[in-house]
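Trainee: Take this structure, written in structure tokens, and hold onto it; I'll ask about it next.
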Amino acid sequence: MYKPNKKMGKLIIENRSEIFRPSARTERTPASVTRDILKVIDTPGMISFAGGLPDDTLFPIQDLKNIFETSVSKKGPKLFQYADTQGHSDLRAWITERYYPGSSAEEILLTSGSQQALDLLSRYFIEEGSPILLERPSYLGAIQVFSSYAPLFIGINYTEEGPDIEELKYALTTSSERPKFFYCIPDFQNPSSYSYSLEIRNSLSKLLLENGVPILEDTAYRELYFQEQLPISLCEIGPEHTISIGTFSKTLAPGLRVGWIKAPKKILKDLIVQKQSMDLHSATLNQELVYGFVSSSKYEEHLSLIRKSYRRKSEHTFDCFRKNFGDSLPLQISKGGLFYWLEFPQEIDTDLLFQKCLEKGLATVPGSSFFVGKPERNHLRWNFSNASEEETKIGVERLFEVYREMS
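Here it is, written out as structure tokens:
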């Protein structure tokens, strides 16, 4: 309530709680369970498998330090000045050559990580009530961003080969209006770690093109294969209706906050304006560090190192689960990425299991966080890339102890 003060010519606020009134968008944005978990992982004795954290012992710190010193010496104040919103031209050219042959660097916009890319694309596409398609389960960070724009979520169930194409067809024919886009992670999906088969990639791309629905392809984990490379990307199959999102957070270091959007020029022009209004441009110095590293021979050596390390950790994690759980968890060894997607019996509520695990010094992520609509409550996401082998052994033992108590 506001009360006039005639003497002072001002309005007096009787209820001080009304001073700060958040927008509807702020109130719609759900808190991220992993961000909450990060607050408790420093608790003594706590072991975390919650966040999608790369192994920080593999960050090329000395190489980045050398690049920093060389770049500052050569370019000086330019690296600390305002810069072009679209981003480092040489880095954009490198991204184009490596991932989008035949495309132009003018189709690349550098962003502050792929999370900003998702927000920019949400700004561009989503109006309140707009239908959008996404995998079920899907990346919780994307769900968080999209939710703030109040879309109508249409989840498409996920199989080991990719989205259920028949279910996608049904969703396209029954939607009250044409969906704004289909968001997906075709390579070592977060959280399931599955990858689309070539057949699914071709069928999905063709179906969405026929229905006039663009694809938002998130390629965050594409480089993290343990054996053979993945099939052709959706952007390569259908560049005319696919927007590609990428990041160096998983292959280099998340603290650098360098990602990108690859989109047709007519769309990118609007995205550049949106980014300019958001933060003017991403950190120039960080882009220079990334370019200096990826354009050298050291990047391929680094990728080989992290693939071998993550494969070893994945195999160790799988062995720990088999030793403790036997065949009670239907688990396949991971072929890439950073996660295992654990499926418990229906009677195990992983929201409750998550709380009990915290009490025993174990942080995980309950599967309900990855679903739109009615959640499934018998899944758990397990990150294997950050913890040591000894921590993994102890962590799986703690999880099994809680599981036995709940069974």
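With UniProt numbering applied, the sequence shown corresponds to residues 1 to 407, in that order.
Backbone N, C-alpha and C fix where the C-beta goes; we use that ideal spot for every residue, glycine too.
1) Looking at C-alpha atoms only, which residue of S328, I215, E210, E228 is the closest neighbour of R404?
2) Give the DSSP-derived three-state secondary structure of D270 in the structure shown.
3) Look up T111 in the DSSP assignment and say whether it is helix, strand or coil.
4) Tell me the DSSP secondary structure of F125 in three-state form.
5) Within the continuous beta strand (DSSP E) that includes Y158, where are the two ends?
6) Give the straight-line distance between the Cα atoms of R201 and S233, rounded to the nearest whole angstrom.
7) Do I47 and E397 have their CB atoms nearer than 7 Å?
8) Write down every uninterrupted run of the alpha helix (DSSP H) in the region 310 to 367 whose length is 4 residues or greater and which is fully enclosed by it, in chain order.
9) Report back the beta-carbon spacing between L338 and L224 to the nearest angstrom; my notes put them in contact at under 8 Å.
10) Do the region 359 to 369 and the region 242 to 255 touch if we need at least three Cβ pairs shorter than 8 Å?
11) With H, G and I counted as helix, E and B as strand and the rest as coil, what does DSSP make of Y225?
12) In terms of DSSP beta bridges, what is Y183 paired with?
13) Measure how close the beta-carbons of S195 and G238 come, nearest whole angstrom, since I'm counting them as under 8 Å.
14) Helix or strand or just coil, what does DSSP make of H302?
15) Could you check if N157 is buried or exposed, using at least 16 other CB atoms within 10 Å of its CB as the buried criterion?
16) Give me the Cα-Cα distance between S249 and S407, rounded to the nearest whole angstrom.
17) Go through its chain and collect everything with a Cβ distance to L168's Cβ below 6 Å, but skip five positions before and after it.
18) In terms of residues, what are the limits of the alpha helix (DSSP H) holding K262?
19) For I132 versus P191, is the C-beta distance shorter than 7 Å?
20) By Cβ distance, which residues of its chain are closer than 8 Å to N286, with the 5 residues on each side in sequence left out?
21) If you follow the beta strand (DSSP E) that L380 is part of, which residue opens it and which one closes it?
22) Which of the three DSSP states, helix, strand or coil, is assigned to S48?
23) Looking at the unbroken alpha helix (DSSP H) that takes in G246, where does it start and where does it end?
24) Check each candidate in Q346, K313, D351, L91 and name the one with the smallest Cα separation from K335.
25) Taking the alpha carbon of I67 as the point to measure from, which residue in E301, S295, K360, F384 has its own alpha carbon closest?
26) According to DSSP, simplified to helix, strand and coil, what is Y2?
27) Can you find the residues in the same chain that come closer than 7 Å, C-beta to C-beta, to K393, ignoring five residues on each side of it along the sequence?
28) Please determine if the region 138 to 153 and the region 82 to 102 are in contact, where contact requires at least 3 C-beta pairs separated by less than 8 Å.
29) Between L172 and the rest of its own chain, which residues show a CB-CB distance below 6 Å, the 5 nearest in sequence each way excluded?
30) Going by other Cβ atoms of all chains shown within 10 Å of its Cβ, with 16 needed for buried, is G76 buried or exposed?
31) For a test of the three-state rule: what should DSSP assign to P77, helix, strand or coil?
32) Where Q274 and S369 are concerned, what is the direct C-alpha to C-alpha distance, given to the nearest angstrom?
33) For S103, which residues from the same chain have a beta carbon less than 8 Å from its beta carbon, with the 5 sequence-adjacent residues on both sides left out?
34) Compute the distance between the beta-carbons of P54 and S282, then report whether it is under 7 Å.
35) Whole angstroms are fine: how far does the CA of S148 sit from the CA of F20?
Mentor: The structure says:
1) Taking the sequence shown and counting its residues from 1, one reaches residue 404 at position 404. Per the Cα distances, S328.
2) Taking the first residue of the sequence shown as 1, we reach residue 270 at position 270. DSSP places D270 in helix when its eight states are reduced to three.
3) Taking the sequence shown and counting its residues from 1, the one referred to as residue 111 is at position 111. Assignment of T111 by DSSP, reduced to helix, strand and coil, places it in the strand class.
4) Here residue 125 corresponds to residue number 125 of the sequence shown, with the count starting at 1. Helix at F125.
5) Working through the sequence shown from its first residue, we reach residue 158 at position 158. Counting along the chain, the unbroken beta strand (DSSP E) around Y158 starts and ends at 152 to 159.
6) Reading the sequence shown from its first residue, position 201 is the one you call residue 201. Reading the sequence shown from its first residue, position 233 is the one you call residue 233. Spanning the two alpha carbons is a distance of roughly 8 Å.
7) Sequence index remark: in the sequence shown, residue 47 carries index 47 (1-based). Sequence index remark: in the sequence shown, residue 397 carries index 397 (1-based). In this structure, E397 does not lie closer than 7 Å to I47 by Cβ.
8) For the region 310 to 367, the continuous alpha helix (DSSP H) assignments of 4+ residues that do not extend past its boundaries occur at 350 to 359, in sequence order.
9) Along the sequence shown, one-based indexing puts residue 338 at 338. Along the sequence shown, one-based indexing puts residue 224 at 224. The C-beta distance from L338 to L224 rounds to 7 Å, short enough to fall under 8 Å.
10) With a cut-off of 8 Å on Cβ pairs, the region 359 to 369 is not in contact with the region 242 to 255, counting fewer than three such pairs.
11) On the sequence shown, residue 225 is found 225 positions in, with the first residue counted as 1. In the three-state scheme derived from DSSP, where H, G and I count as helix and E and B as strand, Y225 is classed as strand.
12) The residue given as residue 183 occupies position 183 in the sequence shown. DSSP output for Y183 lists L134, L216 as bridge partner(s).
13) Position 195 of the sequence shown, counting from 1, holds the residue named residue 195. Position 238 of the sequence shown, counting from 1, holds the residue named residue 238. About 18 Å separates the two Cβ atoms, so there is no contact after all.
14) Along the sequence shown, one-based indexing puts residue 302 at 302. Three-state DSSP puts H302 in a helix.
15) Within the sequence shown, residue 157 is the residue found at index 157, counting from 1. Classification for N157: exposed.
16) To locate residue 249, count along the sequence shown from 1; it is residue 249. To locate residue 407, count along the sequence shown from 1; it is residue 407. Computed Cα separation, rounded: 38 Å.
17) As a position in the sequence shown, residue 168 is number 168, starting the count at 1. Answer for L168: I156, listed in chain order.
18) Start at 1 with the first residue of the sequence shown, and residue 262 comes out as number 262. In this chain, K262 is not harboured by any alpha helix (DSSP H); it is covered by the beta strand (DSSP E) spanning 259 to 262.
19) Position 132 of the sequence shown holds residue 132. Position 191 of the sequence shown holds residue 191. Contact check for I132 against P191 fails: the beta carbons are separated by 7 Å or more.
20) Residue numbering aside, residue 286 sits at position 286 when the sequence shown is read from its first letter. Contacts found: L256, R257, V258.
21) Numbered from 1 along the sequence shown, position 380 holds the residue referred to as residue 380. Per DSSP, L380 belongs to the beta strand (DSSP E) from 379 to 383.
22) As a first step, residue 48 must be located in the sequence shown, where it is residue number 48. S48: strand per DSSP, three-state reduction.
23) For the purposes of this step, residue 246 is taken as residue 246 along the sequence shown, with counting starting at 1. First-last for G246: 242 to 247, but that is the beta strand (DSSP E), not the alpha helix (DSSP H).
24) Reading the sequence shown from its first residue, position 335 is the one you call residue 335. If we check each option's Cα against that of K335, K313 comes out closest.
25) As a working note, residue 67 is residue 67 in the sequence shown. Out of E301, S295, K360, F384, S295 has the C-alpha closest to the C-alpha of I67.
26) On the sequence shown, residue 2 is found 2 positions in, with the first residue counted as 1. With a pLDDT of only 49 at Y2, under the threshold of 50, the placement of this residue in the model should not be trusted, and no figure is reported.
27) Translated into the one-based positions of the sequence shown, residue 393 becomes position 393. C320, listed in sequence order.
28) Judged by Cβ distances under 8 Å, the region 138 to 153 makes no contact with the region 82 to 102, as fewer than three pairs qualify.
29) On the sequence shown, position 172 is the one that residue 172 refers to. So the qualifying residues of the chain are N211.
30) Indexing the sequence shown from 1 puts residue 76 at position 76. It counts as exposed.
31) For this step, residue 77 is matched to residue 77 along the sequence shown. P77: helix per DSSP, three-state reduction.
32) Here residue 274 refers to the residue found at position 274 when the sequence shown is read from its first residue. Here residue 369 refers to the residue found at position 369 when the sequence shown is read from its first residue. Roughly 29 Å separates the two Cα atoms.
33) Here residue 103 refers to the residue found at position 103 of the sequence shown. Closer than 8 Å at Cβ, skipping near neighbours: T96, P239, K262.
34) Within the sequence shown, residue 54 is the residue found at index 54, counting from 1. Within the sequence shown, residue 282 is the residue found at index 282, counting from 1. Result no, Cβ atoms of P54 and S282 do not sit closer than 7 Å.
35) One-based indexing of the sequence shown puts residue 20 at position 20. One-based indexing of the sequence shown puts residue 148 at position 148. F20 and S148 have their C-alpha atoms spaced approximately 19 Å apart.
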